[in-house]
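What follows is a single structure, written as structure tokens, with notes after it.
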Amino acid sequence: MSAQQQAASNSTAQGAAEYAVELIGVNKWYGDFHVLRDINLSVGRGERIVVCGPSGSGKSTMIRCINRLEEHQKGRIVVDGIELTNDLKRIDEVRREVGMVFQHFNLFPHLTILENCTLAPMWVRKMPKKEAEDLAMHFLAKVKIPEQAAKYPGQLSGGQQQRVAIARALCMRPRIMLFDEPTSALDPEMVKEVLDTMVSLANEGMTMLCVTHEMGFARQVADRVIFMDAGQIIEMNEPSTFFSNPQHERTRLFLSQILH
Amino acid sequence: METRTVAFVAPPELRPQEPAPANTRGAIGWARAHLFGSVGQVLLTLLGIFVVYAVVPPLLKFFVFEAVWTGTGRDDCLPEKIGRPVGACWPFIWAKWNQILYGFYPAAERWRVNTVYLMGALLLAPLLFPKLPFKRLNALAFFGIYPVIAFVLLTGGDLDMRTFLLGWTGLDFGLASFAGLRVGFWLQFILVALIAAGIGMLVCPFFGGERGSVAKSILKVFAVLGVILLVVDLDFGLEPVETRQWGGLLVTLVIAVTGITVSLPFGILLALGRRSDYPLVKYASIIFIEFWRGVPLITVLFFATYMLPLFLPGRFTIDGLLRALVGVALFASAYMAEVVRGGLQAIPKGQYEGAMALGLRSGFMMRLVVLPQALKLVIPGIVNNFIGLFKDTTLVLIVSIFDLLGILRASFTDPAWATPTTLFTGFGFAGIVYFVFCYGMSRYSMALEKRLDRSHRH
Chain A
122 MSAQQQAASN STAQGAAEYA VELIGVNKWY GDFHVLRDIN LSVGRGERIV
172 VCGPSGSGKS TMIRCINRLE EHQKGRIVVD GIELTNDLKR IDEVRREVGM
222 VFQHFNLFPH LTILENCTLA PMWVRKMPKK EAEDLAMHFL AKVKIPEQAA
272 KYPGQLSGGQ QQRVAIARAL CMRPRIMLFD EPTSALDPEM VKEVLDTMVS
322 LANEGMTMLC VTHEMGFARQ VADRVIFMDA GQIIEMNEPS TFFSNPQHER
372 TRLFLSQILH
Chain B
4 METRTVAFVA PPELRPQEPA PANTRGAIGW ARAHLFGSVG QVLLTLLGIF
54 VVYAVVPPLL KFFVFEAVWT GTGRDDCLPE KIGRPVGACW PFIWAKWNQI
104 LYGFYPAAER WRVNTVYLMG ALLLAPLLFP KLPFKRLNAL AFFGIYPVIA
154 FVLLTGGDLD MRTFLLGWTG LDFGLASFAG LRVGFWLQFI LVALIAAGIG
204 MLVCPFFGGE RGSVAKSILK VFAVLGVILL VVDLDFGLEP VETRQWGGLL
254 VTLVIAVTGI TVSLPFGILL ALGRRSDYPL VKYASIIFIE FWRGVPLITV
304 LFFATYMLPL FLPGRFTIDG LLRALVGVAL FASAYMAEVV RGGLQAIPKG
354 QYEGAMALGL RSGFMMRLVV LPQALKLVIP GIVNNFIGLF KDTTLVLIVS
404 IFDLLGILRA SFTDPAWATP TTLFTGFGFA GIVYFVFCYG MSRYSMALEK
454 RLDRSHRH
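Chains as they are written, first to last, in my numbering: chain A, 122 to 381; chain B, 4 to 461.
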């Protein structure tokens, strides 16, 4: 198959794919420890999903499998019509489509804010420097910190750093965004600015999977809330029912612990 | 009765910022904090003053005040002849100046060494100052073009190469030559390049590479190699100077600069290799590093000089200095690899994950994200190695290569300069030269650390 045909078939595959992300019978082990147990989840285009659960429940591991930061050992993961296998090319394709925001930001401390944002567009998408910088400034303006572009990450507050991390991910123009506890490492005063950014992103129709314990955020934007424990999906529902009428005993216990 | 207030509200205006107390600021504050803060500190300050008093005046007396500055022979430096105590005998250094700089390099050809010194200085200096433009071009000139020119100038070039990797096949294209180039050699070279490109095209699908681009990059490597070989093979009409005639500062700098410029990239590759997921690469790197770290440099030099020829086929000889160079470079690479590995281990996993999540492939991730941070962290260690290497070069003396110190020691035996202080003058001078280079590297590295530091802001 020529490269052109391949690209064509890929794009049709992407266009035809019903779901943005599909996990089918996904299992994962760390050595003998069974971290993910038969996870089945289909995320529609533009859908916003919030994942919560106690620490060690496998929620981070699950979303990290979606961009192959973790490898699953059984089952299928299909992202935007591309099935994740050991094929490095596909992993690259998926990572270009999926943006990720981490708990500890993971900005590159040796690069300025602007360079953090232009790095991937320039080296992965081969975008000319000028164009990449315009794009970066566009997204930095969107997360409301264009004036910090020339600074280094160490000079910014936690909330600002996390907004830069969001802008950096957006510069790759992903179709899907993963958030792995984006506000857990922030001072209480800074949580809101990051959540506001995420809300405005959600309002633009971005497909989002967020691991978070910000239940207010879940109520406001989530289409579905997922509760995980011991590597399994325990309960999944639209937020109003999830919070007002949890079905599973474990969910009720968890909610009673975090909603004071 | 004591009243405890439970409620408190600060006035609407915050307190203004006030200056720190006077006795904690300025020169007095500094002296109090650093010199006379406590009894122990006062004692240490006094001890420090005593040490300076005990060491500095005698040194100055020997090297400056009682030193002899001009003269033509040992008589000018003998106390009984000139009727005063004599410190350093500097005329000895002036008399041996040419040997110190060039060794036994033929006098008529010394301009070539001077040209190499000058070019090196002119190309290196702008490279060290970050503000100056054309860094890429400058680096290419210093690391790519300069070594080739220096090689041709110092040795005379015209290597007269006869076979290229295919000698063992018995394949013979004859020895016809043209402008110092052997036709047979170049035919072999082209053949090898084509074979390598072919093998690359056959193998690359297993590693996920693209045939055309792999073949192209292999041919590019050979093209660069070809240009280098062409330049060193051409006959420029320069008088050949054997490396046995080199010596002094020339040899010291050639070994040190080669060792330094080779050991850093090799060390990085070895460090990455040691952390590789491929067992073959990993264990090859480990064995290499542990082997070279496990043997003393003297053993390596000795082996390379006296034992290697016994193992090589009869007509196959390698230049003595080259052998020492390779030994020093490999030795230094192994040390460098461990320094760099230390830096790599300090980079948090999150940096890798951040890069991977953006879709950066491992090569880019290493080059753009991990290595810049890791290398910055280990600048002190890297420069430590450079300095150690610079001074270790003097070990080549045991394989009869006369570096700066070797030349000086050889000069001590000159009866025309046999005085009681010749030895001290020579060693003192060598010490000053080594110190200037090493201290220069040290200061530069500290400035570099400061310039690259991103942590102080916060």
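Virtual Cβ for every residue (Gly too), placed ideally from N, Cα, C.
Using 8 Å as the threshold, is the C-beta distance between residue i and residue j below it?
i        : j        : result
B/Trp72  : B/Trp93  : yes
A/Ile354 : A/Asp201 : no
B/Ile258 : B/Leu328 : yes
B/Arg370 : B/Gly323 : no
B/Val342 : B/Val373 : no
B/Gly106 : B/Gly215 : no
B/Leu407 : B/Leu252 : yes
A/Pro303 : A/Glu218 : no
B/Asn387 : B/Met339 : no
A/Phe260 : A/Cys238 : yes
A/Asp213 : B/Gly357 : no
B/Gly90  : B/Thr416 : no
A/Asn207 : B/Ala360 : no
B/Ser266 : B/Ala218 : no
B/Ala377 : B/Leu347 : yes
A/Leu228 : A/Ala286 : yes
A/His166 : A/Val342 : Checking the sequence, you will find Arg at residue 166 of chain A rather than His. Taking 8 Å as the Cβ cut-off, A/Arg166 and A/Val342 do not qualify as a contacting pair.
B/Pro243 : B/Thr158 : yes
B/Arg446 : B/Arg344 : no
Less than 8 Å between C-beta atoms, sequence neighbours within five positions excluded: which residues of the same chain meet that for residue i?
i        : result
A/Asp159 : Gly146, Val147, Asn148, Gly196 and Gln353
A/Ala128 : Model confidence at A/Ala128 stands at a pLDDT of 43, short of 50, so the residue's coordinates are unreliable; what they give is reported in the following sentence. Around A/Ala128: no qualifying Cβ.
B/Leu222 : Ala196 and Ala200
B/Gly366 : none
Determine the extent of the alpha helix (DSSP H) in which residue i is found, giving its start and end residues.
i        : result
B/Ser3   : The structure shown does not extend to residue 3 of chain B, since chain B is modelled only from 4 to 461, so the question has no answer here.
A/Gly352 : Per DSSP, A/Gly352 belongs to no alpha helix (DSSP H) and is neither H nor E.
B/Tyr286 : Pro282 to Gly297
B/Leu194 : Val186 to Val206
A/Met221 : That residue, A/Met221, is in no alpha helix (DSSP H); its beta strand (DSSP E) goes Val219 to Val222.
B/Trp114 : Arg113 to Leu131
A/Asp255 : Lys250 to Lys263
Consult DSSP for residue i and reduce its assignment to one of helix, strand or coil.
i        : result
A/Leu232 : coil
B/His37  : helix
A/Gly165 : strand
A/Ile198 : strand
B/Arg277 : helix
A/Asn131 : Only weak support is given to the placement of A/Asn131: the predicted model assigns it a pLDDT of 44, under 50, and the value that follows is read from those uncertain coordinates. Correct three-state label for A/Asn131: helix.
A/Phe154 : strand
A/Glu143 : strand
A/Gly136 : Low confidence applies to A/Gly136: its pLDDT is 49, below 50, so where it sits in the model is not reliable enough to give any reading.
A/Lys272 : coil
A/Asp308 : coil
A/Asp159 : strand
A/Met357 : strand
B/Ile404 : coil
A/Ile266 : coil
B/Val12  : coil
B/Val89  : coil
A/Glu204 : strand
Identify the continuous beta strand (DSSP E) that holds residue i and give its terminal residues.
i        : result
A/Leu299 : Ile297 to Asp301
A/Thr328 : Thr328 to Val332
Using a Cβ cut-off of 7 Å, pull out every chain A residue sitting near residue i, in sequence order please.
i        : result
B/Arg457 : Pro230, His231, Tyr273 and Gly275
B/Gly29  : Within 7 Å Cβ-Cβ: nothing; B/Gly29 doesn't reach chain A, min ~30 Å.
B/Ala360 : Asn188, Leu190, Arg216 and Met221
So, for residue i: in the same chain, excluding its five sequence neighbours on each side, which residues have a beta-carbon less than 6 Å away from its beta-carbon?
i        : result
B/Pro109 : none
A/Lys180 : Val172, Gly174, Val332 and Met349
A/His193 : Val147, Lys149 and Cys186
A/Leu235 : Ala257 and Ala270
To which residues of the same chain is residue i closer than 7 Å at the C-beta, ignoring the five residues directly before and after it?
i        : result
B/Leu135 : Pro129
B/Phe440 : Phe393
B/Gly229 : Phe192
A/Gly280 : Leu307, Met311, Glu314 and Val315
Mind pulling the chain B residues with CB within less than 7 Å of residue i?
i        : result
A/Asn207 : Simply none; closest approach about 11 Å.
Under 9 Å Cβ-Cβ, which residues of chain A neighbour residue i?
i        : result
B/Arg364 : Leu209, Asp213, Trp244 and Val245
B/Gln376 : Phe229, Pro230 and His231
Given that residue i touches chain A, what residues does it touch there, using C-beta distances under 8 Å?
i        : result
B/Gln354 : Asn227 and Phe229
Residues of chain B with a CB under 9 Å from the CB of residue i: which are they?
i        : result
A/Leu240 : Ala358, Leu361, Leu363, Phe367, Leu371 and Val372
Who are the neighbours of residue i on chain B, taking C-beta pairs under 8 Å?
i        : result
A/Met293 : Leu361 and Gly362
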